[in-house]
Ligand code: UDP
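This is the structure we're talking about:
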């Protein structure tokens, strides 16, 4: 069976993808520097799948460590999650973001080229579209200039991969994620935000749990039906399965170009208020919230047209928004008790 390297494999999306990879029969090797993840996640993955993935604590910014890893391991493909991901922080620390997100990518691609390793899946983001002129967003929508160093690392990352595929015959797929939420049904893995959550769903679950006093809804004067901003929230397990589908497409040589990119969302947009209401009804919790000013840099609406991804990846989402929010809530409660 193919041996797949998953960088950032102990993180939120990475850990769910490792579980799905192992359940599909792939052998998994994880590299993670534990900068935004916990080693316990490895035990939890093992409990879910019954198989302990090979794990290496490596900082991908250290080129000689990356080389040494590949000297010692045969790898058939890479799913690359490891990156910094906080938009606001990236504005404060652009060089750290460029060094980590771009440096690591370059080192991995160099090893792939030097050792003839094919099959690369890249974590990209719908932020590459900015505020799209047309909704839902198709893959044909133009990319817009990035509004943060984080967003820029995703755009530059895609360009680096595109150029490498062209020059070196590598095959790669970038998955442009919309908003991943939720947790595994076993409630053994989920999102572990450090400090005050920046994202909506962990802020909601922490508010419901009494850790945060009140949710601030950033703006109710957007040009949307209820005035709050619209996003496409996708269950993390559905998102994880898109990676398996993309990897399989490359292994089966079904890709039409050696660099492809797909939108990974549900196709359905939900406003912040709709999320609050759905959370309340799906979990039977009352949420304390207030409306405050818009958050700088936020766009009005983004949701995916998933037609191309559904067809080309032979993949579709299977979980509902209610299930995603319920799983996020169960995960939150588990954190209090463990
Ligand atoms: N949001 C909010 N309150 C929060 C966090 C987020 O109202 O405490 C809103 C945010 O303005 C956006 C949506 O929720 O409209 C999703 O934000 P998130 O940061 O989760 O993802 P983004 O789409 O910004 O990457």
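Residue numbers (the working numbering): 9 to 346.
For each residue, glycine too, the CB sits at the ideal point set by N, CA and C.
Predicted model, so just to flag it, every value in this text is computed and none were measured.
Closest by C-alpha distance to residue 151, out of 134, 144, 165 and 143, is 134. Comparing C-alpha distances from residue 312 to each of 66, 28 and 146 shows the shortest one belongs to 146. With a 10 Å radius around the Cβ and a threshold of 16 neighbouring Cβ atoms, residue 58 comes out exposed. With a cutoff of 8 Å on beta-carbon distance, residue 183 and residue 250 are scored as near each other. In this structure, residue 244 keeps its C-beta atom at 8 Å or more from the C-beta atom of residue 181. DSSP links residue 13 through a beta bridge to 37 and 86. By the 16-neighbour rule on beta-carbons within 10 angstroms, residue 15 is buried.
For a cut-off of 8 Å, the C-beta gap from residue 178 to residue 266 is around 7 Å, short enough to register as a contact.
In the same chain as residue 94, and ignoring 5 residues on each side of it, the C-beta atoms closer than 8 Å to its own belong to 158 and 206, in chain order. According to DSSP, residue pairing for residue 298 in a beta bridge involves 224. The segment 235-244 and the segment 302-316 touch, with no fewer than 3 CB-CB distances between them shorter than 8 Å. Around the beta carbon of residue 203, fewer than 16 other beta carbons sit within 10 angstroms, so the residue counts as exposed. Pairing residue 275 with residue 309 gives a Cβ-Cβ distance that is not under 8 Å. With contact defined as three or more Cβ pairs closer than 8 Å, the segment 16-25 and the segment 35-45 are in contact. Residue 180 sits in a strand when the DSSP states are folded into three classes. Secondary structure at residue 309: strand, using DSSP grouped into helix, strand and coil. Contact between the segment 55-71 and the segment 218-229 is absent: fewer than three C-beta pairs spanning the two stretches fall below 8 Å. Within the segment 130-189, the complete beta strand (DSSP E) segments of 3 residues or longer fall at 180-185 and 187-189, listed in chain order. In the DSSP annotation of this structure, the continuous segment of the alpha helix (DSSP H) that includes residue 24 starts and ends at 20-32. Here the distance from the Cβ of residue 226 to the nearest heavy atom of ligand 1 is below 7 Å. Annotation: residue 254 to residue 49 spans about 24 Å, alpha carbon to alpha carbon. In this structure, the C-beta of residue 44 stays at least 7 Å away from each heavy atom of ligand 1. A Cβ-Cβ contact shorter than 8 Å links residue 74 with residue 119.
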